[in-house]
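Beneath this line is the structure, given in structure tokens, with notes to follow.
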Amino acid sequence: MARLRAGIVGAGISGASCAGTLASAGWDVEVFDKAHGAGGRLSTRRTEQGWATLGSPFISAKRDPFRSQLRDWVRQGWLTPVRGDVLQGRANLSWSQVQLPNHYRPTIEPSQLVHQLLGNARLHTLARVATLQPRTITMEDGRVFGDFDCVICSVPTPQAIPMLDALPLLRERLGEVRYRPIWSFLMRWEGGPQADVIKFDDHLLDLAVRQTADGPGLWAVHSSHEFAETYLEASVEEASTRAASALMGLLGLPWPVEVEATHLWRYAQPESTVGGFWLGDRENRVALIGDGIAGAGVERAWESGVRLAQALIQAREELVI
Ligand SMILES: Cc1cc2nc3c(=O)[nH]c(=O)nc-3n(C[C@H](O)[C@H](O)[C@H](O)COP(=O)(O)OP(=O)(O)OC[C@H]3O[C@@H](n4cnc5c(N)ncnc54)[C@H](O)[C@@H]3O)c2cc1C
């Protein structure tokens with residue numbers, strides 16, 4: 271019997287978990303991502319001494335099955351629980367120590383974690399998808415990949431909408447979903463509180479996380495959603511200057527704070543979602559997964575991919591989407 275074929279758009283954690291689960295059940299799976307590699311919002315930036323992440327700094331699990339996936343990654347030495355000093359509060363007022371239970375930090379590049387989820391699926395990088403049709407994925411450069419038994423799209427829903435002209439049933443459902451942006455910065459500074467994680471109680475900055483894989487001194491700093499919405503169209507220089515001066519004020523730092531890298535995540539986190547683990551157009555054999563469907567965060571994104579794959583595997587040829 272011929273192997274079932276799936277074409278998946280997006281190699282973030284939802285697309286990769288779906289791809290790997292299908293591939294391990296014998297499906298022939300091709301994954302297309304516009305970036306240089308897998309990871310999506312868990313992708314990694316190479317630095318002089320190692321790597322740093324401008325995307326999600328933590329992976330947390332509230333329940334199984336993701337909990338057992340995380341336990342497995344901890345056993346492999348790929349994740350470690352967030353320990354050490356986590357400060358919450360505001361400079362000159364009071365800082366209090368808090369804990370982040372069930373939160374883990376990758377000890378290997380998070381993009382490698384995502385990459386290993388792909389298993390035997392084939393990843394096409396620098397492959398920007400323009401449109402989806404039943405059984406068919408068309409690239410922006412005109413290449414067409416077809417004959418899929420199932421087409422799956424795992425990109426943030428605002429980025430999926432333009433691909434779905436031929437699939438109005440799906441497109442209509444996505445209009446309700448709204449994402450909020452975050453500006454992320456890699457910054458270096460001297461002094462400030464002794465901590466590994468700083469959670470700001472502030473309308474401009476949200477979080478700073480020490481990037482240990484680069485040696486001491488490098489931090490990933492995340493803006494608030496409000497900051498990112500205000501500076502959505504600002505230049506990198508302007509956003510960096512505003513964030514650096516907010517940070518200096520909050521931590522009481524002297525000049526200079528060096529900003530080594532920046533990234534604007536236009537679709538950082540969904541504010542509202544469709545609900546369920548996936549959204550399917552059964553007749554056309556197309557399904558949507560990811561955090562815009564299943565709920566905010568790495569856990570929901572991973573689970574949406576795995577659950578869809580398991581449903582497809584269980585249904586064998588009679589596709590359930
Ligand atoms: C700054 C930041 C902080 C966060 N903090 C946390 C946290 O602390 N805890 C937590 O649980 N979650 C956090 N998140 C959210 C978490 O990262 C996401 O929920 C999760 O990674 C989403 O995975 P995904 O697979 O659904 O989407 P993505 O990771 O976005 O994957 C989508 C993939 O699709 C690709 N793509 C997009 N358009 C196209 C196209 N046209 N053609 C081909 N490929 C395309 C992209 O390149 C990307 O690789 C954070 C996110 C950000 C940005």
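Okay, so the sequence shown: first residue is 271 according to my numbering, each after it adds one. Just so it is clear, CB atoms sit at the ideal spot from N, CA and C, and this is done for glycine as well.
Considering Cα atoms alone, identify which of the options is closest to residue i.
| i | options | result |
| --- | --- | --- |
| residue 518 | 557, 474, 486, 466 | 474 |
| residue 498 | 397, 449, 523 | 449 |
| residue 390 | 286, 358, 526 | 286 |
| residue 407 | 421, 395, 394 | 421 |
| residue 542 | 522, 524, 531, 563 | 563 |
| residue 577 | 334, 273, 321 | 334 |
| residue 296 | 275, 465, 343, 306 | 275 |
| residue 430 | 400, 525, 375, 500 | 400 |
| residue 453 | 277, 511, 344 | 511 |
| residue 428 | 394, 445, 504 | 445 |
| residue 415 | 504, 316, 277 | 277 |
| residue 553 | 419, 320, 339 | 419 |
| residue 375 | 349, 358, 319 | 349 |
| residue 343 | 423, 373, 500, 395 | 373 |
| residue 317 | 464, 332, 340, 487 | 487 |
| residue 423 | 579, 585, 514 | 579 |
| residue 460 | 345, 435, 525 | 525 |
| residue 340 | 573, 458, 417 | 573 |
Would you mind reading off the limits of the alpha helix (DSSP H) that contains residue i?
| i | result |
| --- | --- |
| residue 284 | 283-294 |
| residue 518 | 506-521 |
| residue 528 | Looking at the DSSP string, residue 528 is not in any alpha helix (DSSP H); the run it does join, the beta strand (DSSP E), is 528-540. |
| residue 342 | 336-345 |
| residue 583 | 568-585 |
| residue 562 | 561-564 |
| residue 439 | 438-444 |
| residue 279 | Residue 279 -> not in any alpha helix (DSSP H); beta strand (DSSP E) instead, spanning 275-279. |
Note down, in chain order, each residue of its chain lying with its Cβ closer than 6 Å to the Cβ of residue i, except the 5 sequence neighbours on either side.
| i | result |
| --- | --- |
| residue 385 | 308 |
| residue 571 | 283, 284, 560, 561 |
| residue 247 | The requested residue 247 does not occur in the structure, where the chain is confined to residues 271 to 591. |
| residue 566 | 539, 540 |
| residue 531 | 315, 456 |
| residue 583 | 295 |
| residue 257 | Examination of residue 257 is not possible in this model, given that the chain is present from 271 through 591 alone. |
Mind reading off the beta-carbon distance from residue i to residue j? Whole number of angstroms is fine, and I expect it under 8 Å.
| i | j | result |
| --- | --- | --- |
| residue 412 | residue 377 | At roughly 41 Å, the Cβ-Cβ gap does not stay under 8 Å, so residue 412 and residue 377 are not in contact. |
| residue 325 | residue 337 | Not a contact, Cβ separation roughly 21 Å. |
| residue 546 | residue 288 | About 15 Å; that fails the 8 Å criterion. |
| residue 392 | residue 409 | Contact flag wrong, Cβ pair sits at about 15 Å. |
| residue 290 | residue 387 | 5 Å |
| residue 555 | residue 451 | Not confirmed; about 33 Å, so no contact. |
| residue 301 | residue 281 | 5 Å |
Could you check whether residue j and residue i sit closer than 8 Å to each other, using their CB atoms as the reference points?
| i | j | result |
| --- | --- | --- |
| residue 529 | residue 470 | no |
| residue 549 | residue 557 | yes |
| residue 492 | residue 502 | no |
| residue 433 | residue 402 | yes |
| residue 544 | residue 443 | yes |
| residue 283 | residue 568 | yes |
| residue 594 | residue 440 | Past the edges of the chain, shown from 271 to 591, lies residue 594, and the structure says nothing about it. |
| residue 462 | residue 534 | no |
| residue 305 | residue 299 | no |
Using C-beta distances below 8 Å, list every residue in its chain close to residue i, excluding the 5 sequence neighbours before and after it, in chain order.
| i | result |
| --- | --- |
| residue 370 | 328, 330, 352, 356, 467 |
| residue 380 | 309, 312, 313, 314, 323, 325, 326, 329 |
| residue 472 | 360, 494, 516, 520 |
| residue 332 | 372, 569 |
| residue 464 | 355 |
| residue 504 | 512 |
Residue i lies in the beta strand (DSSP E); which residues open and close that run?
| i | result |
| --- | --- |
| residue 373 | 373-376 |
| residue 392 | 392-394 |
| residue 380 | Counting along the chain, residue 380 falls outside any beta strand (DSSP E), though it belongs to the alpha helix (DSSP H) covering 380-387. |
| residue 302 | 298-302 |
Sorted by chain position, which residues of the same chain lie with C-beta nearer than 7 Å to residue i's C-beta, five sequence neighbours on each side aside?
| i | result |
| --- | --- |
| residue 426 | 449, 537, 560, 562 |
| residue 447 | 427, 540, 542, 543, 544, 562 |
| residue 395 | 303, 305, 306, 307 |
| residue 506 | 532 |
Examine chain C for any beta-carbon lying closer than 8 Å to the beta-carbon of residue i, and answer yes or no.
| i | result |
| --- | --- |
| residue 346 | Considering every chain present, this structure includes no chain C. It has just one protein chain. |
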